[in-house]
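Shown next, in structure tokens, is the structure this report addresses.
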């Protein structure tokens, strides 16, 4: 792709590279951000309500107030991310003016545009975007996302959707590698993604940006599961601060993410954790209650 | 020869890709036991606060600290450089204290100030492309430390004995000068 050698692009993807193997934790105030940093988080996501509360309380979910984000930025030395509504490029301009380190154009907030995502290339701050399949991932990258995460089902405490989405992406990447050039033309059409990008990915069997997992990770074993399935880092939203002992759980998920291939380490991390968040059976949710279907 | 890469968190894969390109064997190091059988160790970029969570306890940090005295060089980039510095500021934090410099974390600012810059390296004639990401700045250089690289008037790459430290990310460029120099320190013919 023509923009892959741009210096700004390289610096954006560079920060995403630095987050690999780590845990990015949702926090709603400075106190929680300090707990996250002390527990070994590689970044925090500043927001007003965690997804489980957004789900419960309803209403329009918007970008967090700059006051909260500023307090979190002042409290920790690790990168601070914040969420904007899908398509709300002015919220993104505001977060850039605030100098957050990463912007999450997120389905967890109420979409501002039901057709278009933000054109992310002109921003100096990198963006992360959610996706459920390879086509969605490639469209977001074409728009300028420097990091991709699976959507999963945020605030559910249920890893099933994160697994579904990671398997969909990794499986599709594998299938692309055995396709001929002639087949890729139709495949690009089916994916709804630029042919040039599809060809790049087919040649290498991987995305041009890091691929993280999010949406329903609640236990150390959940984190190790998505890592073994191909995630390069994990976002944990409600799973930490909706559990009975957030600090211990945060530390445990950090340990399990680094040592995801070592069952004994995951076992050690899983011991004496207290209660996980209760969680939802995603099958019992109405289609209109799903967050993952926002944005395409 | 086998080079270990500390793989607790961060851009350890980018370093592995460089070593692949140079045809050198490597392995990831996630615990003290993984240090056996390696001839040198790279401390990559990432979050130094996260690295410390894993290094503290179990004698892991001490085992890494002993490597240079055993003739096994260390190379730290960005967060890895912070771990090697004698003194860390902004805020102060523990380190391996192997290179006599004072290093200030996030000294350029936040991600908005991350950039590809051009600097000078004593090992190379042409200007060197340097990728700085939320990078630290070396504020004091001790007398036994040799400055190898400078950028915009600041020392950005230094070495002391067999420890090499860069505040930028050579692993995110095509320039393998510093990795090759590091392999020489490790005794690669």
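Residue numbers (the numbering used here), protein chains in the order written: chain A, 485 to 780; chain B, 317 to 505.
By construction, the Cβ of each residue, glycine as well, lies at the ideal position given by its N, Cα and C atoms.
When Cβ-Cβ separations below 8 Å define contact, residue 330 of chain B makes contact with chain A. Contact between residue 478 of chain B and residue 450 of chain B fails: their C-beta atoms lie close to 27 Å from each other, not under 8 Å.
Put simply, the backbone Cα of residue 626 of chain A is about 36 Å away from that of residue 370 of chain B.
Residues of the same chain with a CB within less than 7 Å of the CB of residue 332 of chain B, apart from the 5 flanking positions on each side, are 321, 342 in chain order. For residue 583 of chain A, the chain B residues whose Cβ falls inside 9 Å of its Cβ are 425, 426, 427, 428, 429, in order along the chain. Two segments are said to touch when three or more pairs of C-beta atoms, one from each, lie closer than 8 Å; by this definition the stretch 763-773 of chain A does not touch the stretch 376-385 of chain B. Counting C-beta atoms within 10 angstroms of its own C-beta, residue 488 of chain A has fewer than 16 neighbours from the protein chains shown and is therefore classed as exposed.
Look at residue 471 of chain B here: in three-state DSSP terms it is strand. The straight-line gap separating the alpha-carbon atoms of residue 684 of chain A and residue 664 of chain A is approximately 13 Å. The stretch 538-545 of chain A makes no contact with the stretch 502-521 of chain A, as fewer than three CB pairs between them are under 8 Å. Pairing residue 464 of chain B with residue 438 of chain B gives a Cβ-Cβ distance under 8 Å.
In terms of beta-carbon proximity, residue 363 of chain B lines the interface with chain A, with at least one pair separated by less than 8 Å. Comparing alpha carbon positions, the residue from B/495, B/336, B/401 closest to residue 412 of chain B is B/401. For the stretch 496-513 of chain A, the set of residues with a beta-carbon nearer than 7 Å to any beta-carbon of chain B comprises 498, 499, 501, 502, 504, 505, 506, in chain order. The continuous alpha helix (DSSP H) containing residue 581 of chain A extends over residues 573-582. Separation of residue 630 of chain A and residue 691 of chain A (C-alpha to C-alpha, rounded to the nearest whole angstrom) is 10 Å.
The beta-bridge partner set that DSSP reports for residue 370 of chain B is empty. Chain-order list of chain A residues neighbouring residue 440 of chain B: empty, with the shortest C-beta distance near 19 Å, by a criterion of under 8 Å. The continuous stretches of beta strand (DSSP E) do not include residue 762 of chain A, and DSSP gives it neither H nor E. If only uninterrupted beta strand (DSSP E) runs of at least 3 residues are considered, those enclosed by the stretch 428-466 of chain B are 431-437, 444-448, 453-457. The beta carbon of residue 563 of chain A falls within 8 Å of a beta carbon belonging to chain B, placing the residue at that interface. In the DSSP assignment, residue 750 of chain A is bridged to no other residue. Residue 643 of chain A places its beta carbon 8 Å or farther from that of residue 588 of chain A. Classified as exposed, residue 490 of chain B has fewer than 16 neighbouring CB atoms from the shown chains inside 10 Å of its CB. In this structure, residue 601 of chain A and residue 571 of chain A form a Cβ contact; the two beta carbons are roughly 6 Å apart against a cut-off of 8 Å.
Taking 8 Å as the CB threshold, residue 450 of chain B lines the interface with chain A.
Around the beta carbon of residue 361 of chain B, 16 or more other beta carbons lie within 10 angstroms, which makes this residue buried. With a threshold of 8 Å between beta carbons, residue 605 of chain A makes no contact with chain B. With contacts defined by Cβ atoms closer than 8 Å, residue 776 of chain A and residue 619 of chain A do not form a contacting pair. Contacts with chain A (Cβ-Cβ distance below 8 Å) from the stretch 348-377 of chain B involve 361, 362, 363, 365, 366, 369, 370, listed in chain order. Excluding five sequence positions before and after residue 497 of chain B, the CB atoms of its chain that fall closer than 6 Å to its own CB belong to 439, given in chain order.
Counting other Cβ atoms within 10 Å of its Cβ, residue 498 of chain A reaches 16 or more and is therefore classed as buried. A straight line joining the alpha-carbon of residue 581 of chain A with that of residue 545 of chain A spans about 21 Å. By the neighbour-count criterion, in which 16 or more other beta carbons inside 10 Å mark a residue as buried, residue 751 of chain A falls on the exposed side.
When secondary structure is reduced to three states using DSSP, residue 477 of chain B falls in the coil class, being assigned neither helix nor strand. Residue 493 of chain B has its alpha-carbon roughly 47 Å from the corresponding atom of residue 533 of chain A.
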